[in-house]
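Below is one structure; the comments refer to it alone.
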Amino acid sequence: PDATVNTFDFPDITLEQLRLTVFDPAARVAEMQAVYLKETEKNAAAAVPPPPPADSTVKAYSLARQRTASSEGFQLLGPEAFSDSTGIAFADRQNPGPGRAAFAAGKQDRSLSIPLAPGRYQMLALSGDHLFPGPGCTLRFAGKSLRLSQTGPGDFAWDTALFSIAADRLEITLEGPWLLNTLLIAAVNDRQDFDAAVNRLMLEGTAESKAKKYILQEPPTHREPPTPGEVDLRCGYIPYVPSLQQRIYRQTTPTAAQQQAALRLKAAPGSSRAGTLALYALEDLEQVQLTLQGEFPGTVQLLHVRQHPQKVGRKGSRLQWAVVPEVLEPRQYSDVRQGESLQFVILAEVPAAARAGRYQATLSLSAAGKPARTIPLELEVYPFTLPEPFAYSCFGMYYGTFVSRLFDLPEPMLRATLQDMRRHNMSTVVLYDSRVQPMGEEYLARVNAVLDAEGFPRHPLPYACGGSITADRAAELSAIVKRQQWRELLFYPVDEPFAGGQERLGRAIKLYNELKTAPGVRTYSTVTQNDINAIGNGLDVRCYTVNHDTFQPDRILAECAALPEKEFWWYSNGAREYPDAVRFKAGFFHYRTGARGQFYWAYLNPRGDMFNDFDEGNSDHVTVFIQDGKIISTLQWESIREGIDDYRYLRLLEELCQKYADQAEAAAAGRKLLAEIRTKLPNGLADYQERFGNVLDIHEQSWWEPEEFDLQRQRLAEAIMRFKQP
224 PDATVNTFDF
234 PDITLEQLRL
244 TVFDPAARVA
254 EMQAVYLKET
264 EKNAAAAVPP
274 PPPADSTVKA
284 YSLARQRTAS
294 SEGFQLLGPE
304 AFSDSTGIAF
314 ADRQNPGPGR
324 AAFAAGKQDR
334 SLSIPLAPGR
344 YQMLALSGDH
354 LFPGPGCTLR
364 FAGKSLRLSQ
374 TGPGDFAWDT
384 ALFSIAADRL
394 EITLEGPWLL
404 NTLLIAAVND
414 RQDFDAAVNR
424 LMLEGTAESK
434 AKKYILQEPP
444 THREPPTPGE
454 VDLRCGYIPY
464 VPSLQQRIYR
474 QTTPTAAQQQ
484 AALRLKAAPG
494 SSRAGTLALY
504 ALEDLEQVQL
514 TLQGEFPGTV
524 QLLHVRQHPQ
534 KVGRKGSRLQ
544 WAVVPEVLEP
554 RQYSDVRQGE
564 SLQFVILAEV
574 PAAARAGRYQ
584 ATLSLSAAGK
594 PARTIPLELE
604 VYPFTLPEPF
614 AYSCFGMYYG
624 TFVSRLFDLP
634 EPMLRATLQD
644 MRRHNMSTVV
654 LYDSRVQPMG
664 EEYLARVNAV
674 LDAEGFPRHP
684 LPYACGGSIT
694 ADRAAELSAI
704 VKRQQWRELL
714 FYPVDEPFAG
724 GQERLGRAIK
734 LYNELKTAPG
744 VRTYSTVTQN
754 DINAIGNGLD
764 VRCYTVNHDT
774 FQPDRILAEC
784 AALPEKEFWW
794 YSNGAREYPD
804 AVRFKAGFFH
814 YRTGARGQFY
824 WAYLNPRGDM
834 FNDFDEGNSD
844 HVTVFIQDGK
854 IISTLQWESI
864 REGIDDYRYL
874 RLLEELCQKY
884 ADQAEAAAAG
894 RKLLAEIRTK
904 LPNGLADYQE
914 RFGNVLDIHE
924 QSWWEPEEFD
934 LQRQRLAEAI
944 MRFKQP
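Residues in the sequence shown are numbered consecutively from 224, following my numbering.
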């Protein structure tokens with residue numbers, strides 16, 4: 224953004240009006256904010272907190288002119304810290320809290336100098352503006368570069384790095400345009416203190432979050448120290464190939480079985496396939512890079528797995544947290560500390576025209592000052608294509624709340640979002656009213672045209688129409704889409720009738736049964752069995768929450784089959800960072816339910832800062848992140864895609880067994896495998912209650928071990944290849 228922030232400070236004055244005159248006709252004022260202090264300047268100065276102790280192992284710096292409550296616990300880096308402070312604006316938003324409220328910003332490159340003894344260090348940098356979009360910040364120092372993403376209002380991007388200096392000062396160049404709030408710096412040997420300071424900055428970013436006293440919940444993982452070989456010692460790390468479903472934490476160590484010689488992927492043409500590679504650092508490593516050498520069909524993304532503090536478990540308002548792997552960043556390099564693991568996800572997109580066969584390329588791992596190391600990357604392309612998942616089911620992702628309306632996004636971001644959803648097997652979306660265009664034929668024409676252009680099938684659109692909808696209006700809109708042969712609207716006036724007590728449920732009963740008096744109108748809601756029992760025939764598409772022991776797929780299917788136009792769908796939280804549990808629900812579990820559709824909450828619904836799970840009462844629900852205007856995937860988003868691909872393999876084998884029943888041997892083997900897999904799947908949430916102790920453990924605990932997924936997919940592929948297809 225081409226913007227400059229200027230702050231004007233006045234002495235104690237009394238006024239009724241404040242005027243700002245801009246003499247440059249080419250300039251535009253984006254914001255004018257007047258802050259009236261409750262105290263006089265003299266009294267305010269007396270209440271300012273003292274600076275932190277000079278001998279603290281972690282040097283915490285706030286870019287601010289003067290000490291205020293916004294810089295509590297931080298040393299100041301003011302204009303005097305810059306070799307040239309012209310064009311630098313300092314601002315204090317007074318919110319959300321120390322480390323974030325105050326910042327400096329500039330449009331031109333500027334050099335920042337900090338006294339620091341020679342040695343090896345670790346650093347955190349943070350950038351963002353509580354009120355307005357921020358340009359991010361690129362820091363160049365000690366021969367390396369650290370990029371902090373552009374941010375939306377209230378978002379704060381941050382990252383960490385290792386570095387060494389030989390002089391007695393750290394010189395940092397901030398590349399314009401830039402905005403910087405905070406730096407944390409500590410010696411590498413003070414790892415625990417540094418991590419504690421980073422976690423405090425995340426968990427105690429506001430007064431409310433600081434008062435909550437979050438509880439660290441260390442996740443279970445393999446921790447037995449590995450035995451390095453000669454090459455490992457020379458390179459400074461041990462590479463290993465875990466299951467894609469295993470969560471690789473910083474403290475995870477490789478097993479002997481995972482120290483494989485190659486990474487092997489198998490995929491059908493026209494699909495994506497992810498694999499993972501990790502390294503365990505035997506010493507501090509800087510600028511770890513992963514590159515691809517050789518020819519490979521399609522595109523291959525080499526993604527670094529970012530770990531950050533997150534609420535764990537069922538999220539919501541829970542206080543348990545951990546540092547977890549989640550974000551898949553297309554960054555150039557990462558730093559990793561001794562005794563910690565760094566994970567990569569290799570995402571291959573195989574073209575539909577790719578020829579069946581085996582392909583091989585080479586992954587090259589390198590770190591600063593260390594010899595490069597190569598690992599074979601093998602891809603087997605199957606001689607069959609998968610059916611589109613929408614031939615059998617509807618798959619959708621809620622974009623966010625009604626406030627963040629999908630079709631009000633700027634056109635480039637709308638297109639990018641829909642393309643990303645299609646790449647991840649989504650076939651429909653939830654439709655909200657627009658803030659800029661009335662609901663009617665013109666708006667529906669635009670929605671359908673954009674969905675058509677991005678390859679969405681003509682699946683129904685749940686329309687969150689709100690409680691003011693009438694049967695006549697629903698009939699009018701239904702007539703429009705029928706006449707134009709557009710996607711059917713499923714009228715959705717009440718979300719989760721169970722969530723608001725008897726009043727909400729009573730309103731849902733009235734609305735849904737009134738809507739069904741209009742001919743041709745079908746309805747949708749997210750429900751429990753109690754809602755179904757109360758609303759009755761007024762609800763057509765019954766999207767069950769996967770949260771209660773009454774989620775009994777066989778019974779629900781039978782009930783829907785006995786009633787005209789009734790469909791069984793289900794929905795879940797897609798934002799939880801549990802790759803195995805998420806993949807299982809999306810694929811094998813969905814297959815077992817027999818449901819017509821599945822939906823996920825939510826694509827992008829942060830509660831405050833997108834990069835901080837602790838700054839609001841409830842957790843963020845985000846399946847992707849936005850960095851520098853680009854959509855960044857996550858482990859859970861790729862797990863949903865992989866799970867739906869599992870479903871595609873299952874349905875293809877099922878289809879072949881019916882279509883080529885005359886190929887007796889192949890059909891018998893296929894039916895036997897499908898029956899065997901079915902016996903390995905839970906019948907409903909009561910099975911989770913019995914195995915794990917709580918029906919809600921479906922969202923955290925995988926029914927299968929991490930390695931079982933690819934084993935079963937391989938068996939499905941082999942059964943498919945038994946059939947002789949034209």
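Idealized CB from N, CA, C, for every residue including glycine.
Asked	Found
Taking a contact to mean a Cβ-Cβ separation below 8 angstroms, would you say A340 touches D416 in this structure?	no
Hey, is the stretch 887–897 in contact with the stretch 621–630, meaning 3+ C-beta pairs nearer than 8 angstroms?	no
Do the CB positions of G761 and S701 come within less than 8 angstroms of each other?	no
For G580, which three-state DSSP category applies?	strand
Please state the DSSP three-state secondary structure of G351.	strand
Helix, strand or coil for A953? Go by DSSP, reduced to three states.	The requested residue 953 does not occur in the structure, where the chain is confined to residues 224 to 949.
Tell me whether H771 sits in a helix, a strand or coil according to DSSP, three-state version.	coil
Are I471 and Q566 touching if we call contact CB-CB under 8 angstroms?	yes
State buried or exposed for E563, treating a residue as buried only when at least 16 other CB atoms are found within 10 Å of its CB.	buried
Pull up the distance between the alpha-carbon of G357 and that of L371, whole angstroms please.	10 angstroms
Do you know how far the Cα of R938 is from the Cα of D868?	14 angstroms
Output the boundary residues of the alpha helix (DSSP H) element that contains L975.	Any answer about residue 975 is impossible in this case: the structure gives the chain only from 224 up to 949.
Could you tell me which uninterrupted beta strand (DSSP E) segments, each at least 3 residues in length, are contained entirely in the stretch 292–364, listed from first to last along the chain?	312–315, 325–329, 333–338, 342–351, 360–364
Rounded to the nearest angstrom, what separates R423 and P321 at their Cα positions?	11 angstroms
Go to Y814, then tell me how far its alpha helix (DSSP H) extends in each direction, as first and last residue.	813–816
Could you tell me the alpha carbon to alpha carbon distance between I337 and L426, rounded to whole angstroms?	27 angstroms
Rounded to whole angstroms, what's the CA-CA distance from Q533 to Q775? Just pull it up for me.	32 angstroms
Who are the near neighbours of G893 in its chain, counting only those whose CB is closer than 6 angstroms to its CB and skipping five residues on each side?	L876, C880, A942
Is DSSP giving R727 helix, strand or coil here?	helix
Can we say the stretch 371–382 touches the stretch 300–317, given the rule of at least three CB pairs closer than 8 angstroms?	no
Measuring only the C-alpha atoms, how far is V805 from G797?	7 angstroms
How is the alpha helix (DSSP H) around L674 delimited, first residue to last?	664–676
In terms of DSSP beta bridges, what is E711 paired with?	According to DSSP, which records beta bridges pairwise, E711 is partnered with nothing at all.
Going by DSSP, what residue range makes up the alpha helix (DSSP H) through P802?	802–807
Taking a contact to mean a Cβ-Cβ separation below 8 angstroms, would you say N404 touches A504 in this structure?	no
Rounded to the nearest angstrom, what separates G517 and L588 at their Cα positions?	14 angstroms
Over the uninterrupted beta strand (DSSP E) stretch that includes N796, give me the two end residues.	790–796
Count the CB pairs spanning the stretch 611–620 and the stretch 817–831 that are closer than 8 angstroms, and state whether there are at least three.	yes
For D832, which residues in the same chain have their Cβ closer than 7 angstroms to its Cβ, ignoring the five residues on either side in sequence?	G377, D378, F379, D838
Between G359 and S350, how many whole angstroms is the CB-CB distance? I'm expecting something under 8 angstroms.	6 angstroms
On the criterion of 16 or more Cβ atoms from any shown chain inside 10 Å, does V769 qualify as buried, or is it exposed?	buried
Measure from the alpha carbon of R658 to the alpha carbon of each residue in R936, A898, D631, S650, then state which is nearest.	D631
Please state the DSSP three-state secondary structure of P720.	helix
So the alpha helix (DSSP H) M833 belongs to, where does it begin and stop?	First-last for M833: undefined, no H or E at that position.
Tell me the DSSP secondary structure of Y974 in three-state form.	Lying before the first or after the last residue shown, residue 974 is absent from the chain, which here runs from 224 to 949.
Does DSSP put N828 in a helix, in a strand, or in coil?	strand
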